[in-house]
Amino acid sequence: MTDSIFTRINDRYSGMTKGQQQLSAYITDCIDKAAFMNAAELGANVGVSESTVVRFASFLGYSGYKDFAAAMAHEVKSHLIPQGPKEAPYISADIKDTLTDTLKQDIENLENTKNAIDHGAFLNAIDLLLNAKRVFVVGVRSSAPLADYLAMYLRQALPDVRVLSKGSIQHFFYEVLDLDEDDVVVGISFPGYSLSVLRLLEYARTRNTPVITLTDSVHSPMNMYSTCNLTAACERNAFASSPVAAMSVVSALMMGVLSKCSDKVRERNRQMEELLNEFDFSGADRMDPLKDSAL
136 MTDSIFTRIN DRYSGMTKGQ QQLSAYITDC IDKAAFMNAA ELGANVGVSE
186 STVVRFASFL GYSGYKDFAA AMAHEVKSHL IPQGPKEAPY ISADIKDTLT
236 DTLKQDIENL ENTKNAIDHG AFLNAIDLLL NAKRVFVVGV RSSAPLADYL
286 AMYLRQALPD VRVLSKGSIQ HFFYEVLDLD EDDVVVGISF PGYSLSVLRL
336 LEYARTRNTP VITLTDSVHS PMNMYSTCNL TAACERNAFA SSPVAAMSVV
386 SALMMGVLSK CSDKVRERNR QMEELLNEFD FSGADRMDPL KDSAL
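Okay, structure coming up:
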(Lines of atoms letter the chains of each structure in order from A and count residues from 1; the text may use other names and numbers.)
(Lines give C-alpha, C1' and ligand atoms only; values in the text may rest on other atoms or scores of the structure.)
Protein backbone atom coordinates (compact mmCIF):
# COMPACT_ATOMS: atom_id res chain seq x y z
CA MET A 1 0.00 0.00 0.00
CA THR A 2 2.20 2.76 -1.28
CA ASP A 3 -0.50 5.39 -1.74
CA SER A 4 -3.14 6.69 0.63
CA ILE A 5 -6.72 5.53 0.47
CA PHE A 6 -7.69 9.22 0.31
CA THR A 7 -5.41 9.74 -2.69
CA ARG A 8 -7.13 6.85 -4.47
CA ILE A 9 -10.55 8.24 -3.65
CA ASN A 10 -9.56 11.71 -4.80
CA ASP A 11 -8.08 10.44 -8.08
CA ARG A 12 -11.17 8.38 -8.93
CA TYR A 13 -13.91 10.56 -7.45
CA SER A 14 -15.15 12.01 -10.76
CA GLY A 15 -15.89 8.50 -12.07
CA MET A 16 -17.80 7.27 -9.02
CA THR A 17 -21.45 6.34 -8.85
CA LYS A 18 -23.69 8.02 -6.29
CA GLY A 19 -23.32 5.04 -3.94
CA GLN A 20 -19.54 5.13 -4.25
CA GLN A 21 -19.55 8.86 -3.49
CA GLN A 22 -21.62 8.16 -0.39
CA LEU A 23 -19.07 5.56 0.68
CA SER A 24 -16.25 8.03 0.04
CA ALA A 25 -17.93 10.67 2.23
CA TYR A 26 -18.54 8.22 5.06
CA ILE A 27 -14.99 6.86 4.98
CA THR A 28 -13.57 10.38 5.00
CA ASP A 29 -15.70 11.39 7.98
CA CYS A 30 -15.67 8.13 9.96
CA ILE A 31 -12.73 6.03 8.83
CA ASP A 32 -11.92 5.15 12.43
CA LYS A 33 -15.28 3.32 12.54
CA ALA A 34 -15.35 2.04 8.95
CA ALA A 35 -11.96 0.35 9.33
CA PHE A 36 -13.42 -2.15 11.81
CA MET A 37 -16.60 -3.02 9.90
CA ASN A 38 -17.15 -5.88 7.51
CA ALA A 39 -18.59 -5.12 4.05
CA ALA A 40 -22.19 -5.71 5.14
CA GLU A 41 -21.87 -3.47 8.19
CA LEU A 42 -20.26 -0.67 6.19
CA GLY A 43 -22.96 -0.87 3.55
CA ALA A 44 -25.70 -0.77 6.19
CA ASN A 45 -24.20 2.34 7.80
CA VAL A 46 -23.91 4.15 4.48
CA GLY A 47 -27.20 2.92 3.02
CA VAL A 48 -25.81 0.86 0.14
CA SER A 49 -25.63 -2.87 -0.52
CA GLU A 50 -22.80 -5.17 0.52
CA SER A 51 -22.02 -5.83 -3.14
CA THR A 52 -21.65 -2.07 -3.74
CA VAL A 53 -19.04 -1.95 -0.98
CA VAL A 54 -17.11 -4.88 -2.47
CA ARG A 55 -17.21 -3.31 -5.93
CA PHE A 56 -16.06 -0.01 -4.42
CA ALA A 57 -12.98 -1.72 -2.96
CA SER A 58 -12.14 -3.13 -6.40
CA PHE A 59 -12.85 0.24 -8.02
CA LEU A 60 -10.18 1.79 -5.79
CA GLY A 61 -7.67 -0.84 -6.91
CA TYR A 62 -7.70 -3.19 -3.91
CA SER A 63 -7.66 -6.95 -4.41
CA GLY A 64 -10.74 -7.41 -2.25
CA TYR A 65 -12.56 -6.10 0.80
CA LYS A 66 -9.98 -7.56 3.18
CA ASP A 67 -7.22 -5.60 1.44
CA PHE A 68 -9.44 -2.48 1.49
CA ALA A 69 -10.14 -2.82 5.22
CA ALA A 70 -6.42 -3.23 5.89
CA ALA A 71 -5.77 0.01 4.00
CA MET A 72 -8.34 1.82 6.15
CA ALA A 73 -6.79 0.43 9.32
CA HIS A 74 -3.36 1.58 8.15
CA GLU A 75 -4.75 5.07 7.49
CA VAL A 76 -6.29 5.25 10.95
CA LYS A 77 -3.03 4.26 12.56
CA SER A 78 -0.83 6.53 10.43
CA HIS A 79 -2.78 9.71 9.89
CA LEU A 80 -6.17 10.22 11.46
CA ILE A 81 -6.02 9.23 15.08
CA PRO A 82 -4.25 11.77 17.30
CA GLN A 83 -1.39 10.08 19.12
CA GLY A 84 -1.48 12.35 22.16
CA PRO A 85 1.59 13.90 23.75
CA LYS A 86 4.81 12.45 22.46
CA GLU A 87 8.50 13.10 22.54
CA ALA A 88 9.40 15.52 19.77
CA PRO A 89 12.81 15.90 18.12
CA TYR A 90 13.63 19.20 19.80
CA ILE A 91 11.81 19.19 23.13
CA SER A 92 14.22 19.40 26.02
CA ALA A 93 13.52 18.36 29.57
CA ASP A 94 15.21 21.56 30.70
CA ILE A 95 12.75 24.47 30.67
CA LYS A 96 15.52 26.99 29.93
CA ASP A 97 16.04 25.35 26.52
CA THR A 98 12.38 25.54 25.51
CA LEU A 99 12.84 28.64 23.34
CA THR A 100 15.80 27.21 21.43
CA ASP A 101 14.17 23.82 21.02
CA THR A 102 10.90 25.28 19.74
CA LEU A 103 12.67 27.53 17.26
CA LYS A 104 14.68 24.57 15.96
CA GLN A 105 11.50 22.59 15.43
CA ASP A 106 9.82 25.47 13.61
CA ILE A 107 12.86 25.97 11.38
CA GLU A 108 12.69 22.29 10.45
CA ASN A 109 8.97 22.61 9.69
CA LEU A 110 9.66 25.60 7.46
CA GLU A 111 12.42 23.76 5.62
CA ASN A 112 10.23 20.70 5.08
CA THR A 113 7.39 22.88 3.86
CA LYS A 114 9.65 24.71 1.39
CA ASN A 115 10.85 21.38 -0.04
CA ALA A 116 7.43 19.71 -0.25
CA ILE A 117 4.93 22.39 -1.27
CA ASP A 118 3.48 22.25 -4.78
CA HIS A 119 4.51 25.52 -6.48
CA GLY A 120 2.05 24.92 -9.33
CA ALA A 121 -0.80 24.59 -6.84
CA PHE A 122 0.36 27.80 -5.13
CA LEU A 123 0.23 29.78 -8.39
CA ASN A 124 -3.12 28.23 -9.27
CA ALA A 125 -4.48 29.26 -5.86
CA ILE A 126 -3.48 32.88 -6.47
CA ASP A 127 -5.20 32.91 -9.86
CA LEU A 128 -8.36 31.39 -8.39
CA LEU A 129 -8.49 34.05 -5.66
CA LEU A 130 -7.88 36.93 -8.06
CA ASN A 131 -10.72 35.82 -10.34
CA ALA A 132 -13.26 34.92 -7.64
CA LYS A 133 -16.57 36.69 -7.25
CA ARG A 134 -16.57 35.79 -3.55
CA VAL A 135 -13.98 34.11 -1.34
CA PHE A 136 -14.97 32.06 1.72
CA VAL A 137 -12.10 31.28 4.10
CA VAL A 138 -12.93 28.43 6.48
CA GLY A 139 -10.91 27.35 9.52
CA VAL A 140 -11.97 26.36 13.03
CA ARG A 141 -10.27 25.72 16.37
CA SER A 142 -6.49 26.12 16.00
CA SER A 143 -6.92 26.99 12.31
CA ALA A 144 -9.26 29.91 13.04
CA PRO A 145 -6.43 32.48 13.49
CA LEU A 146 -4.99 31.45 10.12
CA ALA A 147 -8.37 31.94 8.45
CA ASP A 148 -8.89 35.33 10.11
CA TYR A 149 -5.40 36.52 9.15
CA LEU A 150 -5.76 35.49 5.50
CA ALA A 151 -9.22 37.01 5.15
CA MET A 152 -8.16 40.30 6.76
CA TYR A 153 -5.44 40.93 4.17
CA LEU A 154 -7.30 39.53 1.16
CA ARG A 155 -9.98 42.15 1.81
CA GLN A 156 -7.45 44.82 0.82
CA ALA A 157 -7.50 43.52 -2.75
CA LEU A 158 -10.59 41.39 -3.34
CA PRO A 159 -14.19 42.62 -3.51
CA ASP A 160 -15.92 40.10 -1.24
CA VAL A 161 -14.02 38.01 1.33
CA ARG A 162 -15.87 36.20 4.12
CA VAL A 163 -14.41 34.21 6.97
CA LEU A 164 -16.07 31.25 8.67
CA SER A 165 -14.13 30.48 11.84
CA LYS A 166 -16.80 30.36 14.53
CA GLY A 167 -20.24 28.82 14.74
CA SER A 168 -22.02 25.57 14.03
CA ILE A 169 -22.10 23.54 10.84
CA GLN A 170 -25.62 24.88 10.31
CA HIS A 171 -24.25 28.43 10.43
CA PHE A 172 -21.55 27.54 7.92
CA PHE A 173 -23.98 26.01 5.46
CA TYR A 174 -26.34 28.98 5.77
CA GLU A 175 -23.46 31.26 4.74
CA VAL A 176 -22.50 29.18 1.69
CA LEU A 177 -25.94 27.99 0.58
CA ASP A 178 -25.74 29.74 -2.80
CA LEU A 179 -22.16 28.82 -3.71
CA ASP A 180 -21.45 28.61 -7.44
CA GLU A 181 -18.55 28.11 -9.84
CA ASP A 182 -17.55 31.79 -9.66
CA ASP A 183 -16.82 31.59 -5.92
CA VAL A 184 -13.76 30.11 -4.19
CA VAL A 185 -13.59 28.30 -0.85
CA VAL A 186 -10.34 28.20 1.11
CA GLY A 187 -10.36 25.38 3.68
CA ILE A 188 -7.72 25.21 6.42
CA SER A 189 -7.46 22.17 8.70
CA PHE A 190 -4.74 20.06 10.30
CA PRO A 191 -4.80 16.83 12.36
CA GLY A 192 -7.28 16.07 13.85
CA TYR A 193 -9.20 17.32 10.88
CA SER A 194 -12.42 19.27 11.33
CA LEU A 195 -15.50 17.35 10.21
CA SER A 196 -17.35 20.66 9.74
CA VAL A 197 -14.71 21.94 7.34
CA LEU A 198 -14.60 18.63 5.44
CA ARG A 199 -18.36 18.59 4.95
CA LEU A 200 -18.39 22.19 3.80
CA LEU A 201 -15.68 21.42 1.23
CA GLU A 202 -17.63 18.39 0.07
CA TYR A 203 -20.67 20.64 -0.46
CA ALA A 204 -18.54 23.17 -2.36
CA ARG A 205 -17.44 20.48 -4.80
CA THR A 206 -21.08 19.48 -5.44
CA ARG A 207 -21.65 23.15 -6.43
CA ASN A 208 -18.64 23.10 -8.80
CA THR A 209 -16.95 25.69 -6.59
CA PRO A 210 -13.13 25.69 -6.73
CA VAL A 211 -11.57 24.67 -3.40
CA ILE A 212 -8.15 25.66 -2.10
CA THR A 213 -6.95 23.59 0.85
CA LEU A 214 -4.15 24.19 3.33
CA THR A 215 -3.35 21.10 5.37
CA ASP A 216 -0.43 18.99 6.55
CA SER A 217 0.16 16.59 3.64
CA VAL A 218 -1.12 15.15 0.38
CA HIS A 219 -2.51 12.27 2.44
CA SER A 220 -4.90 14.55 4.32
CA PRO A 221 -8.62 13.92 3.73
CA MET A 222 -8.84 17.64 2.88
CA ASN A 223 -7.11 16.79 -0.39
CA MET A 224 -10.09 14.71 -1.46
CA TYR A 225 -12.10 17.85 -2.16
CA SER A 226 -9.41 20.29 -3.27
CA THR A 227 -8.88 21.92 -6.62
CA CYS A 228 -5.36 22.76 -5.45
CA ASN A 229 -3.80 21.56 -2.23
CA LEU A 230 -1.17 23.51 -0.27
CA THR A 231 0.74 21.75 2.49
CA ALA A 232 2.59 22.93 5.57
CA ALA A 233 4.55 20.78 8.01
CA CYS A 234 3.22 20.95 11.57
CA GLU A 235 5.42 18.56 13.53
CA ARG A 236 4.10 18.37 17.08
CA ASN A 237 5.90 19.18 20.21
CA ALA A 238 4.75 17.56 23.43
CA PHE A 239 1.67 19.77 23.72
CA ALA A 240 0.52 21.18 20.39
CA SER A 241 1.16 21.18 16.66
CA SER A 242 3.18 24.04 15.21
CA PRO A 243 1.33 26.75 13.20
CA VAL A 244 4.49 28.50 12.02
CA ALA A 245 4.89 26.92 8.57
CA ALA A 246 1.14 27.21 7.91
CA MET A 247 1.28 30.92 8.77
CA SER A 248 4.17 31.34 6.32
CA VAL A 249 2.16 29.70 3.53
CA VAL A 250 -0.82 31.92 4.37
CA SER A 251 1.46 34.99 4.29
CA ALA A 252 2.91 33.95 0.93
CA LEU A 253 -0.58 33.40 -0.48
CA MET A 254 -1.70 36.80 0.77
CA MET A 255 1.41 38.53 -0.61
CA GLY A 256 0.98 36.80 -3.96
CA VAL A 257 -2.53 38.17 -4.30
CA LEU A 258 -1.70 41.70 -3.06
CA SER A 259 1.35 42.02 -5.32
CA LYS A 260 -0.80 41.23 -8.37
CA CYS A 261 -3.02 44.23 -7.68
CA SER A 262 -0.74 46.59 -5.81
CA ASP A 263 -2.21 49.76 -7.37
CA LYS A 264 -5.68 48.77 -6.22
CA VAL A 265 -4.42 48.00 -2.73
CA ARG A 266 -2.70 51.38 -2.45
CA GLU A 267 -5.85 53.17 -3.60
CA ARG A 268 -8.05 51.29 -1.13
CA ASN A 269 -5.64 52.10 1.69
CA ARG A 270 -5.69 55.77 0.67
CA GLN A 271 -9.50 55.76 0.72
CA MET A 272 -9.48 54.09 4.13
CA GLU A 273 -7.14 56.74 5.49
CA GLU A 274 -9.44 59.49 4.20
CA LEU A 275 -12.47 57.83 5.81
CA LEU A 276 -10.70 57.55 9.15
CA ASN A 277 -9.64 61.20 8.99
CA GLU A 278 -13.19 62.28 8.18
CA PHE A 279 -15.16 60.12 10.59
CA ASP A 280 -12.70 59.30 13.35
CA PHE A 281 -13.23 60.76 16.80
CA SER A 282 -11.49 60.85 20.14
CA GLY A 283 -12.90 60.51 23.62
CA ALA A 284 -15.46 58.15 25.13
CA ASP A 285 -17.42 56.05 22.67
CA ARG A 286 -20.88 57.04 23.99
CA MET A 287 -23.40 59.82 23.65
CA ASP A 288 -24.32 62.29 26.40
CA PRO A 289 -28.11 62.83 26.04
CA LEU A 290 -28.12 66.18 27.84
CA LYS A 291 -25.30 67.75 25.83
CA ASP A 292 -26.50 66.30 22.54
CA SER A 293 -30.04 67.63 23.07
CA ALA A 294 -28.68 71.17 23.13
CA LEU A 295 -27.18 70.83 19.66
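When you read off a place in the sequence shown, starting at 1, and then add 135, the result is the number in the working numbering. For each residue, glycine too, the CB sits at the ideal point set by N, CA and C.
Measure the C-alpha to C-alpha separation of leucine 264 and leucine 285 and round it to an integer number of angstroms. Numbered from 1 along the sequence shown, position 129 holds the residue referred to as residue 264. Numbered from 1 along the sequence shown, position 150 holds the residue referred to as residue 285. Approximately 12 Å, taken between the alpha carbons.
Leucine 411: buried (16+ other C-beta within 10 angstroms of its C-beta) or exposed? As a first step, residue 411 is located in the sequence shown; it is residue number 276 there, counting from the start. Burial call: exposed.
Just how far apart, CA to CA, sit cysteine 363 and lysine 168? The residue labelled residue 363 in the question sits at position 228 within the sequence shown. The residue labelled residue 168 in the question sits at position 33 within the sequence shown. Their Cα atoms are separated by approximately 28 Å.
Looking only at its chain, what residues have a beta carbon closer than 6 Å to the beta carbon of phenylalanine 414, apart from the 5 residues adjacent to it on each side? Here residue 414 corresponds to residue number 279 of the sequence shown, with the count starting at 1. Correct list: empty, nothing qualifies.
Excluding five sequence neighbours on each side, which residues of the same chain lie with their C-beta closer than 8 Å to the C-beta of isoleucine 144? Along the sequence shown, read from residue 1 onward, the residue named residue 144 stands at position 9. Counting only Cβ-Cβ distances below 8 Å, and skipping sequence neighbours, we find Ser159, Ile162, Thr163, Leu195 and Met359.
Helix, strand or coil for arginine 190 per DSSP? Position 55 of the sequence shown holds residue 190. Reduced to three states, the DSSP call for arginine 190 is helix.
With a threshold of 16 other CB atoms inside 10 Å of the CB of asparagine 244, please say whether the residue is buried or exposed. For the purposes of this step, residue 244 is taken as residue 109 along the sequence shown, with counting starting at 1. Buried.
Proximity winner among Phe325, Leu335, Gly322 and Tyr288, relative to tyrosine 445 (alpha-carbon distances): With the chain represented from 136 up to 430, any question about residue 445 goes unanswered, as that position is not in the structure.
Where leucine 393 and phenylalanine 257 are concerned, what is the direct C-alpha to C-alpha distance, given to the nearest angstrom? Taking the first residue of the sequence shown as 1, we reach residue 393 at position 258. Taking the first residue of the sequence shown as 1, we reach residue 257 at position 122. If I take the Cα positions, the gap works out to 14 Å.
Leucine 293 - DSSP class collapsed to helix/strand/coil: For the purposes of this step, residue 293 is taken as residue 158 along the sequence shown, with counting starting at 1. Leucine 293 falls in the coil class under three-state DSSP.
Just to confirm, are serine 300 and glycine 327 a CB contact at a threshold of 8 Å? For the purposes of this step, residue 300 is identified with residue 165 of the sequence shown, where counting begins at 1. For the purposes of this step, residue 327 is identified with residue 192 of the sequence shown, where counting begins at 1. Not a contact, by the Cβ cut-off of 8 Å.
Could you pull out every unbroken alpha helix (DSSP H) segment of at least 4 residues lying fully inside the segment 287 to 331, listed in chain order? 304 to 310
With distances taken Cα to Cα, identify the nearest neighbour of serine 277 among Ala208, Ala381 and Lys268. Locating residue 277 in the sequence shown gives position 142, where the first residue counts as 1. When only C-alpha atoms are compared, the closest one is Ala381.
What is the residue span of the alpha helix (DSSP H) that phenylalanine 171 lies within? Taking the sequence shown and counting its residues from 1, the one referred to as residue 171 is at position 36. Segment: none, phenylalanine 171 is in no alpha helix (DSSP H) and carries neither H nor E.
Does the beta-carbon distance from aspartate 318 to alanine 282 come in below 8 Å? As a working mapping, residue 318 is identified with position 183 in the sequence shown. As a working mapping, residue 282 is identified with position 147 in the sequence shown. Their beta carbons are not under 8 Å apart, which means aspartate 318 does not touch alanine 282 by this criterion.
According to DSSP, which residues form a beta bridge with valine 346? In the sequence shown, counting from the first residue as 1, residue 346 sits at position 211. According to DSSP, which records beta bridges pairwise, valine 346 is partnered with Val320.
When burial is assigned at 16 or more other CB atoms within 10 Å of the CB, is proline 220 buried or exposed? Taking the sequence shown and counting its residues from 1, one reaches residue 220 at position 85. Low per-residue confidence applies at proline 220: pLDDT is 40, beneath 50, and the placement is therefore not dependable, though the value from the model is reported in the following sentence. By the neighbour-count rule (16 or more Cβ atoms within 10 Å), proline 220 is not buried but exposed.
Take the Cβ of serine 193 as the centre, count every other Cβ of all protein chains shown within 10 Å, and call the residue buried at 16 or more, exposed below. Taking the sequence shown and counting its residues from 1, one reaches residue 193 at position 58. By the neighbour-count rule (16 or more Cβ atoms within 10 Å), serine 193 is not buried but exposed.
Whose C-alpha, out of Val379, Ser376, Ile347 and Thr142, is nearest the C-alpha of valine 320? Here residue 320 refers to the residue found at position 185 when the sequence shown is read from its first residue. If we check each option's Cα against that of valine 320, Ile347 comes out closest.
Whole angstroms are fine: how far does the CA of threonine 187 sit from the CA of valine 181? In the sequence shown, the residue the question calls residue 181 occupies position 46. In the sequence shown, the residue the question calls residue 187 occupies position 52. Distance between the alpha carbons of valine 181 and threonine 187 is about 11 Å.
What are the boundary residues of the alpha helix (DSSP H) that includes threonine 366? Here residue 366 refers to the residue found at position 231 when the sequence shown is read from its first residue. Counting along the chain, threonine 366 falls outside any alpha helix (DSSP H), though it belongs to the beta strand (DSSP E) covering 363 to 366.
If you check the beta carbons only, do glutamate 210 and isoleucine 140 fall under 8 Å apart? Reading the sequence shown from its first residue, position 75 is the one you call residue 210. Reading the sequence shown from its first residue, position 5 is the one you call residue 140. Cβ distance < 8 Å, so glutamate 210 and isoleucine 140 count as in contact.
Looking at the unbroken beta strand (DSSP E) that takes in valine 113, where does it start and where does it end? Since the first residue shown for the chain is 136 and the last is 430, residue 113 is missing from the structure and cannot be characterised.
Straight-line Cα distance separating histidine 254 from aspartate 262: Here residue 262 refers to the residue found at position 127 when the sequence shown is read from its first residue. Here residue 254 refers to the residue found at position 119 when the sequence shown is read from its first residue. About 13 Å.
Within a Cβ cutoff of 7 Å, which residues of the same chain sit near arginine 147, ignoring the five residues on either side of it in sequence? Within the sequence shown, residue 147 is the residue found at index 12, counting from 1. Correct list, in chain order: Phe194 and Leu195.
So, helix, strand or coil for valine 273, using DSSP? Indexing the sequence shown from 1 puts residue 273 at position 138. Valine 273: strand per DSSP, three-state reduction.
State the Cα-Cα distance for the pair glutamate 316 and threonine 233, rounded to the nearest angstrom. Reading the sequence shown from its first residue, position 181 is the one you call residue 316. Reading the sequence shown from its first residue, position 98 is the one you call residue 233. Between glutamate 316 and threonine 233, the C-alpha separation is close to 47 Å.
Compare the C-alpha of valine 385 against each of Thr248, Ala205 and Met172 and name the closest. Looking up residue 385 in the sequence shown gives position 250. Here the closest residue by C-alpha is Thr248.
Serine 324, buried or exposed, once every other Cβ within 10 Å from all chains shown has been counted against 16: To locate residue 324, count along the sequence shown from 1; it is residue 189. So serine 324 counts as buried.
Are there 16 or more other CB atoms within 10 angstroms of the CB of aspartate 295, so buried, or fewer, so exposed? Position 160 of the sequence shown, counting from 1, holds the residue named residue 295. Aspartate 295 should be labelled exposed.
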